[in-house]
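Numbering (my numbering), first residue to last: 4 to 148.
Ideal Cβ placement from N, Cα and C applies to all residues, glycine included.
Encoded as structure tokens, the structure appears first; notes follow it.
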Amino acid sequence: MGGLGYGTREPLVSKLKQLVDDIQTVYEEFLDAETLYQEDKISDKEFFKKMGVFVKVFSSLGFLSVKVIIEINNAIDNDDKSRKPKEGTTPSATYGPDMMSGISTPQYSSTYFPTKENISLKSCSKCDIQIPTKAKFCTKCGSKQ
């Protein structure tokens with residue numbers, strides 16, 4: 004899958020749409036061939052040729068679907084990485100509950116957010132990345148813990 008680069012999602016999606024349109028035609032031809040085969044109007048060779056074409060196109064549809072999913076996953080991963088703050092940075096000053104006079108709703112009360120030091124970690128049994136101890140699935144490979 005080395006040919007997959009970031010930014011190839013649009014051509015893959017358009018190719019996938021075209022393949023979906025093409026497979027409909029091939030599927031209809033296969034159904035017609037099946038009917039003719041059951042009526043003994045075409046030979047085994049012709050029927051299996053139509054079946055082979057259908058299987059080939061359907062397989063390429065599955066393969067291309069996987070490529071699109073991988074490309075979308077890569078785009079999401081890259082987007083997530085760009086949104087995460089860099090290590091060693093400090094948050095900018097924001098308005099806190101004490102700075103906003105007259106507001107006393109629970110949504111503005113201070114809450115506890117655990118830091119990386121406060122979260123206990125374990126290694127994934129399949130891919131060995133660090134995940135929270137309470138995690139039921141790995142966030143990278145998806146394997147059950």
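Can you check which of these residues, V60, A138 and P14, is closest to E74 by C-alpha distance?
P14
With H, G and I counted as helix, E and B as strand and the rest as coil, what does DSSP make of I1?
Given that the chain is displayed from residue 4 to residue 148, the structure contains no residue 1 and the question cannot be resolved.
Buried or exposed: which applies to F33, given that a residue is buried once 16 or more other Cβ atoms fall within 10 Å of its Cβ?
The residue is buried, with at least 16 neighbouring Cβ atoms inside 10 Å.
Excluding five sequence neighbours on each side, which residues of the same chain lie with their C-beta closer than 7 Å to the C-beta of K53?
E32, F33 and A36
So what does DSSP say about S17, is it helix, strand or coil?
helix
Evaluate I79 with the Cβ neighbour count: other Cβ atoms within 10 Å of its Cβ, from every protein chain shown; 16 or more gives buried, anything less gives exposed.
exposed
Can you list, in chain order, the residues of its chain with a C-beta nearer than 6 Å to that of F50? Leave out the 5 residues immediately preceding and following it.
Correct list, in chain order: A36 and Y40.
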